[in-house]
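Here the sequence shown is numbered in the numbering used here, starting from 177 and rising by one per residue.
Positions of the beta carbon are idealized from the N, C-alpha and C atoms, including for glycine.
From a predicted model like this one, the values you see are computed outputs, not experimental measurements.
In what follows, a structure is listed as structure tokens, so that the remarks can point back to it.
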Amino acid sequence: MRRIIVYSIIILIPLLLINILPLAHTEVNSNLYRKRIANITISSSIIKRMNGNDGYYSFEAFNIIPPNVTPTVINIATNAYFGESGMIPYNKIINIPRGNYSLILMNVSISEHNGTQYDRAFYIFANGTPIFWGSTQEILNSTSEVDLTLFERLLSGPVEFQIVLPNYIVPKIGITGYYLVNVTLYLYNGSPPSNLPNYFIPLFTNSFGYSYTVLTPNKDIAMQSLNIPNGTEKSMLLLFEEGGEDDEFWYANEPAIRNIEVYYNNELAGILNPFETIYTGGINLFYWKPLTSINTLSFHMPYYIDLTPLLALGSNVTLSVTISNLILAEEMMQSPYFTWDISGVLMLWVNSSNPLISGKIINMKSNLIDTQPILIPGFTGIYYQEASNYYINYTSILNYKYGREIASSAQSGITIAKQTFSYFNQYAFLDEKFSESSYEKGLLNSSLLINANYPISFYYDFFVAPITNPYIIPYNATYLQNGTISMNPSYSIMYINGKYNLTESLEYNLNAIGGFSGILEIINQYGGAVLVGLTSNNAVVTKTLNAVYLVNGIGFEENFFAQAIQNNTINMAGYLVKYYKSFMKVSDSYNSNALNVYSKTIKELKYYHTCDKLGFNFIKLY
177 MRRIIVYSII ILIPLLLINI LPLAHTEVNS NLYRKRIANI TISSSIIKRM
227 NGNDGYYSFE AFNIIPPNVT PTVINIATNA YFGESGMIPY NKIINIPRGN
277 YSLILMNVSI SEHNGTQYDR AFYIFANGTP IFWGSTQEIL NSTSEVDLTL
327 FERLLSGPVE FQIVLPNYIV PKIGITGYYL VNVTLYLYNG SPPSNLPNYF
377 IPLFTNSFGY SYTVLTPNKD IAMQSLNIPN GTEKSMLLLF EEGGEDDEFW
427 YANEPAIRNI EVYYNNELAG ILNPFETIYT GGINLFYWKP LTSINTLSFH
477 MPYYIDLTPL LALGSNVTLS VTISNLILAE EMMQSPYFTW DISGVLMLWV
527 NSSNPLISGK IINMKSNLID TQPILIPGFT GIYYQEASNY YINYTSILNY
577 KYGREIASSA QSGITIAKQT FSYFNQYAFL DEKFSESSYE KGLLNSSLLI
627 NANYPISFYY DFFVAPITNP YIIPYNATYL QNGTISMNPS YSIMYINGKY
677 NLTESLEYNL NAIGGFSGIL EIINQYGGAV LVGLTSNNAV VTKTLNAVYL
727 VNGIGFEENF FAQAIQNNTI NMAGYLVKYY KSFMKVSDSY NSNALNVYSK
777 TIKELKYYHT CDKLGFNFIK LY
């Protein structure tokens, strides 16, 4: 189970599972002990079952406004059942009509039934290729979407879809929920983007036939040998990642830096910076209801590395992915349970009638430095800091039978981590800044520019005291936690290929404050627990988003604001107090006109907003 992990605290509630700072600790150069963030869920015996609903309890802030045409609708899954599913995929072959589509969107809607369940990881693959990564909502239901236009050449004709929701049912600790999943494709007719990839190689394919592997301190590298088709004129890596177990909140560990390193024939080809996703049960029991954290239901900050310059190294390729500091984390934290789920695809632009004759790398630079953890004992606690930076640049000349291409790719980034912790509190800050730029000139004329900044900070104070014998499991303990968290990520991408120009930017702000207290029953040696008594509960969460999405200079600007609160020990679904979402049309001249503006102040959670691909609706929740 992804959410029942080492150093976890599990607290069971019908349709609700959550995370907080755990009971486990480790000694670091002194007698002070360090608490770690983990998971909690709530016992159904201490609350009333919440009412059912017809609308979406949780939805993502970012949406793409489709063109004003009626889409072709393809149902991939209708109420697909996930009970004791594990990693076994739901398989279905769908015949997608061939055509010209200017936009392809996929909607994922998930509902939870029959009681308590965790927020689970959620993946969708097409012919083994990852096209969607996200998670379930740990209470009631959720909806999210993803833009799949880049995969148009893959999503044509008969396609085998594999939906993976690693769910587990454990009735003895009250985890009984199952999921029903609906997945729908929306194909919008129009001029398709030029020069889309036409060849896809899923990476690290497992025994079920889809791209998925797990990295740990004992297996911290994934490796695959590939044969690049002759006539490949462009090569792009797309990678998905997710920290799990002790590394679900990796930015709160020591060391706190996790660089995702990609090697191409043993040469450092790129670095990817993981996003600090906080799932709907993450860090605090009640923060994310009904307002989700950032990148929770659907990951929207894609990880690309332009590998085209490295085509000069030949067609026989060994591609490797590793995560930095996993072995050191095991040594420092005295735990082997640092895991990362990795999935990826190599997207190729292949012209088999124009084979590559020769290639030469004319510039090759790569540098990665990590200071490693610096721990300083202080009067009130331990201070930790660490920094990492990298620079990578490749430029090549590629000679084909019918022409020449110059390809260049450059990346740079810096990560800074700081923490202070003691017996009863912890402050943590981590900031990742990075950029990537690449271009191809000659046969193809394309470019990619990515800039991102992922800062996160949090502070927690907590108190835990056993009230029965802590050496005999299960045992009971009193627990109290209060804290704040702030995330202010920004991400922008400009991708130009021929006459196609995609520009997208997202600027988020997320702030949460609150806490809870109660009685825990510790159920295993790793700190897993059930909250059997809740004595206090309060939280305020505010989330804003400004996003711009343009195709060839035309699109929209989105502004989003929402605030949700918790203030009840019986009805823990929470409710919205403010909600505003607007879309402004943006044209070539960047003149803005109101496209769709609506706002709503909600004193009680009676109406909730959802978006389908044909319009916007308010749907009755209770």
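Give the C-beta separation of residue i and residue j to the nearest angstrom, bearing in mind that I take them to be a contact with Cβ-Cβ under 8 Å.
i, j, result
"N310", "N460", "As written in the sequence, residue 310 is Gly, which differs from the Asn given in the question. About 21 Å; that fails the 8 Å criterion."
"L379", "S387", "5 Å"
"E608", "Y630", "4 Å"
"T352", "T292", "6 Å"
"S474", "E321", "7 Å"
"N543", "Y570", "With 8 Å as the limit, N543 and Y570 do not qualify as a contact, their Cβ atoms being about 13 Å apart."
"Q338", "P393", "Contact doesn't hold; Cβ gap of about 29 Å is too wide."
"N627", "S611", "5 Å"
"Y560", "E430", "5 Å"
"M670", "T679", "5 Å"
"D423", "T556", "About 27 Å separates the two Cβ atoms, so there is no contact after all."
"N673", "N728", "The Cβ separation is near 11 Å, so there is no contact."
Compare the C-alpha of residue i against each of the options and name the closest.
i, options, result
"N271", "Q293, S332, N714", "S332"
"E749", "N728, N403, A740", "In the sequence as displayed, the identity of residue 749 is Ala instead of Glu. Closest option to A749, Cα to Cα, is A740."
"I252", "R296, V335, T312", "V335"
"I695", "Y684, G729, S519, Y655", "Y655"
"M760", "G731, Y751, K754, L752", "G731"
"D517", "D295, L391, Y375", "L391"
"Y599", "N382, P531, I558, Q510", "I558"
"F597", "N539, Y344, L551", "L551"
"E507", "F692, Q548, Y375, S588", "Q548"
"L467", "K268, S763, K754, M540", "K754"
"K719", "S712, V727, N735, Y667", "N735"
"K594", "E562, A586, N255", "E562"
"I573", "K541, Y513, P485, Q587", "P485"
"N471", "W525, N539, N239", "N239"
"A297", "P243, Y233, R274, E418", "E418"
"I590", "K757, Y375, I241, I436", "I436"
"G125", "E260, Y257, P247, T494", "Absent from the model: residue 125. The displayed extent of the chain is 177 to 798, so no value can be given."
If you reduce the DSSP assignment to three classes, tell me which class residue i lands in.
i, result
"L486", "helix"
"V521", "strand"
"W426", "helix"
"M509", "helix"
"K675", "coil"
"T644", "coil"
"I626", "strand"
"P553", "strand"
"P347", "helix"
"L502", "helix"
"F610", "strand"
"F600", "coil"
"L544", "strand"
"T453", "coil"
"T777", "For T777, the predicted structure reports a pLDDT of 33, less than 50, and the residue's modelled location is therefore unreliable. The matter cannot be settled from this model."
"T325", "helix"
"Y440", "strand"
"A738", "strand"
"W464", "coil"
"R225", "Any reading at R225 is ruled out, since the residue's pLDDT is 26, under 50, leaving its predicted position unreliable."
"N205", "Its pLDDT being 28, under 50, N205 is placed unreliably by the model, and nothing is read from it."
"K804", "The question about residue 804 has no answer, for the chain in this structure spans 177 to 798."
"P631", "strand"
"M748", "coil"
"L619", "coil"
"G446", "strand"
"G407", "coil"
"N707", "Checking the displayed sequence, the identity of residue 707 turns out to be Leu instead of Asn. Reduced to three states, the DSSP call for L707 is strand."
"F732", "strand"
At the 8 Å Cβ level, is residue i part of the contact set with chain B, yes or no?
i, result
"L619", "Although the question refers to chain B, the structure presented lacks it and comprises just one protein chain."
Any contact between the stretch 357 to 375 and the stretch 471 to 480? By contact I mean 3 or more CB pairs, one from each, below 8 Å. no
Using 8 Å as the threshold, is the stretch 605 to 621 in touch with the stretch 570 to 584, meaning 3 or more CB pairs across them? yes
At least 3 beta-carbon pairs within less than 8 Å: the stretch 433 to 440 vs the stretch 405 to 418: yes
Looking at C-beta atoms only, is the number of pairs between the stretch 283 to 299 and the stretch 356 to 364 that lie closer than 8 Å three or more? yes
Entirely within the stretch 262 to 344 and at least 3 residues each: give me those beta strand (DSSP E) ranges in chain order. 266 to 272, 277 to 289, 297 to 302, 305 to 311, 317 to 323, 333 to 340
Report the start-end ranges of each beta strand (DSSP E) in the stretch 376 to 405 that is 3 residues or longer and not cut off at the edges. 389 to 391, 397 to 403
Which runs of the beta strand (DSSP E) fall wholly inside the stretch 231 to 262 and span at least 3 residues, in chain order? 248 to 258
With three or more C-beta pairs closer than 8 Å as the rule, is the stretch 558 to 577 touching the stretch 528 to 543? yes
With a cut-off of 8 Å, do at least 3 Cβ pairs link the stretch 487 to 499 to the stretch 397 to 405? yes
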